[in-house]
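Following the UniProt record's numbering, the numbering of the sequence shown begins with 1 at its first residue and continues without gaps.
Here is the structure we will look at.
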Amino acid sequence: MKDYGFVPNVESCNAYLSSLMNLNRADIALAFYKEMQRSRISPNVYTLNIFISALCKLGKLEKAVEVFGEMENMGCVPTVASYNTLIAGHCNQGLLSTALKLKNLMEKNGLCPNDVTFNTLIHGFCKEGKLHEANKLFSEMKGIDASPNTVTYNTLINGYSQAGNVEMGRRLYEEMSSNGIKKDILTYNALISGLCKEGKTKKAAYLVKELDSKKLIPNSSTFSALINGQCMRGNSERAFQLYKSMVRCGCHPNEHTLKMLMSSFCQNEDFDGAMQVLREMLERSMAPDSSRLSELCHGLRQCGKDKLVMELCEKMEARPLMPEGLEKTQSIIA
């Protein structure tokens, strides 16, 4: 810091630390904080909040708790943001009971949990499938100043949808409208995904049509959910049409989406269709699932397309994109 003949003040350091965290460079933020200590720049509460956040993101939760406990000795009283950061760190590691204790400690020390506090805890419980506990927090949230917002509802709708309770997700969706809470693409994606998993693809399609009137644009997650729904119903051709629409809209499919498609075609013994998907995967430098690749190659051979199988395997080995355990062409064509 002293290379240029001056030592920055704590505000300048905080701005730099904040920028590093926004760039997801918690490792550099930690190194910079240590440099601040060497330069005898006294941290303020904002500095320590960033430091705790960096430690949590790097999985150094014990150290984060230690720094939190030393804040008052350093002349800094923990704020709501301090508690929220530590609560998030515990939730990310599945330590939900400790996260709740931190919320209680916050209240005991005269601080009021805000929407971030509740949203973080609700997300943590939903992630672990503990929807009863998440709903209790939701009810508590309604009774104080931290009113549920779009993030709260999205988290709960997604949690219920993933747990197979789309009906509860739908009720929350309707409640958003009643309470004047704005829906975003994540709201729709959560419900669409749940409906597709239950095989209710027509209801999911109806929600997609609703997007235009809300001036919302389908994204990769929207299309992936719809494709998954059609694949589950065995409609591989319809799923592939959705995939092509996805690409036309400028959305980028992930490896999981293409593997679902390939699997669906193979299950329907439509090996030409599966081959189309495989070409798409190769163009995107994605490796197919080894079991599906074997199934595809055997299916093509049964159709008398041995030459195509050889060309395919050679191309994959050359790139290299051959799945682990299938490194030799002979292991597929044998």
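By construction, the Cβ of each residue, glycine as well, lies at the ideal position given by its N, Cα and C atoms.
Measure the beta-carbon distance from residue i to residue j and round it to whole angstroms, keeping in mind my assumption that it falls under 8 Å.
{"i": "A88", "j": "C56", "result": "7 Å"}
{"i": "residue 336", "j": "L216", "result": "Since the first residue of the chain shown is 1 and the last is 334, residue 336 is not available in this structure."}
{"i": "I50", "j": "A64", "result": "Their Cβ separation, rounded to whole angstroms, is 11 Å, which puts I50 and A64 out of contact at 8 Å."}
{"i": "F223", "j": "M246", "result": "4 Å"}
{"i": "M21", "j": "S53", "result": "6 Å"}
{"i": "N228", "j": "M260", "result": "6 Å"}
{"i": "T155", "j": "C126", "result": "6 Å"}
{"i": "F32", "j": "L48", "result": "Their Cβ separation, rounded to whole angstroms, is 14 Å, which puts F32 and L48 out of contact at 8 Å."}
{"i": "L76", "j": "G124", "result": "Here residue 76 turns out to be Cys, not Leu, going by the sequence shown. Contact flag wrong, Cβ pair sits at about 26 Å."}
{"i": "L61", "j": "A26", "result": "Rounded, the Cβ-Cβ distance is 13 Å, inconsistent with contact."}
Just tell me which of the options has its CA closest to the CA of residue i.
{"i": "N219", "options": "S236, I192, K200, G234", "result": "I192"}
{"i": "G164", "options": "N179, K197, A146, S147", "result": "K197"}
{"i": "S147", "options": "I157, T117, S42", "result": "T117"}
{"i": "K149", "options": "K259, A15, N119, F68", "result": "Looking at the sequence provided, one finds Asn at residue 149 rather than Lys. Closest option to N149, Cα to Cα, is N119."}
{"i": "D270", "options": "C297, R248, S285, T257", "result": "C297"}
{"i": "N189", "options": "D212, G199, I157, E133", "result": "I157"}
{"i": "N135", "options": "L172, E107, N104, L111", "result": "L172"}
{"i": "N9", "options": "M36, A26, L23", "result": "M36"}
{"i": "E11", "options": "N179, P43, R284, K202", "result": "P43"}
{"i": "I41", "options": "L23, G59, V80, N14", "result": "N14"}
{"i": "S221", "options": "E237, L186, E311, R238", "result": "L186"}
{"i": "V45", "options": "A81, L58, A26, D27", "result": "A81"}
{"i": "Q267", "options": "L211, E237, E128, L58", "result": "E237"}
{"i": "E72", "options": "K307, L96, K209, N109", "result": "N109"}
{"i": "G159", "options": "E70, L23, K130, K203", "result": "K130"}
{"i": "A239", "options": "K305, E70, S97, A205", "result": "A205"}
{"i": "E283", "options": "C303, L312, K305, D272", "result": "L312"}
{"i": "K182", "options": "T201, K202, L211", "result": "L211"}
{"i": "C303", "options": "V208, E317, D272", "result": "D272"}
{"i": "N84", "options": "E66, K103, R248, I144", "result": "K103"}
Using a Cβ-Cβ cut-off of 6 Å (strictly less than) and excluding sequence neighbours within five positions of residue i, which residues of its own chain qualify?
{"i": "G194", "result": "S161, V166, G169"}
{"i": "E175", "result": "none"}
{"i": "G5", "result": "Residue confidence is low: G5 scores 49 on pLDDT, short of 50, so the model does not pin down where it sits. No coordinate-derived value is stated."}
{"i": "L111", "result": "V80"}
{"i": "residue 340", "result": "The question about residue 340 has no answer, for the chain in this structure spans 1 to 334."}
If we cut at 8 Å on Cβ distances, does residue i have a partner in chain C?
{"i": "A88", "result": "Going by chain labels, chain C is absent from the structure shown, which holds only one protein chain."}
Near residue i, which residues of its chain fall below 8 Å by C-beta distance, leaving aside the five closest residues on each side in sequence?
{"i": "Q262", "result": "In the sequence on display, residue 262 carries Met and not Gln. These residues qualify, in order along the chain: A274, V277, L278, M281, P288, D289, R292, L296."}
{"i": "F138", "result": "F118, I122, P148, T152, L156"}
{"i": "G199", "result": "G229, M232, R233"}
{"i": "D115", "result": "M141, A146, S147, P148, N149, V151, T152"}
{"i": "residue 379", "result": "Any answer about residue 379 is impossible in this case: the structure gives the chain only from 1 up to 334."}
{"i": "L96", "result": "H90, L121, G124, F125, E128, K130, E133"}
{"i": "E107", "result": "P113"}
{"i": "L207", "result": "Y188, L191, I192, L195"}
{"i": "L105", "result": "Y83"}
Near residue i, which residues of its chain fall below 7 Å by C-beta distance, leaving aside the five closest residues on each side in sequence?
{"i": "F68", "result": "I52, P78, S82, L86"}
{"i": "G94", "result": "E128"}
{"i": "C251", "result": "N219, S220, F223"}
{"i": "L258", "result": "V277, E280, M281, M286"}
{"i": "E133", "result": "F125"}
{"i": "S178", "result": "none"}
{"i": "E255", "result": "M286"}
Quiz item: Which ranges would you report for the alpha helix (DSSP H) in the UniProt repeat "PPR" (184-218) if only whole runs of at least 4 residues count?
Solution: Contiguous alpha helix (DSSP H) elements confined to the UniProt repeat "PPR" (184-218) occur at 185-197, 201-213, taking only those with 4 or more residues.
Quiz item: Mind pulling the alpha helix (DSSP H) runs of 4 or more residues that sit fully within the segment 251-293?
Solution: Those alpha helix (DSSP H) runs which fall completely within the segment 251-293 and span 4+ residues are 255-267, 271-283.
Practice problem: Pick out the complete alpha helix (DSSP H) segments inside the segment 37-123, 4 residues or longer, and give them in chain order. | Solution: DSSP runs (the alpha helix (DSSP H)) wholly in the segment 37-123: 45-57, 61-70, 80-92, 96-108.
Practice problem: Could you tell me which uninterrupted alpha helix (DSSP H) segments, each at least 4 residues in length, are contained entirely in the segment 150-176, listed from first to last along the chain? | Solution: For the segment 150-176, whole alpha helix (DSSP H) runs of length 4 or above, ordered along the chain, are 150-162.
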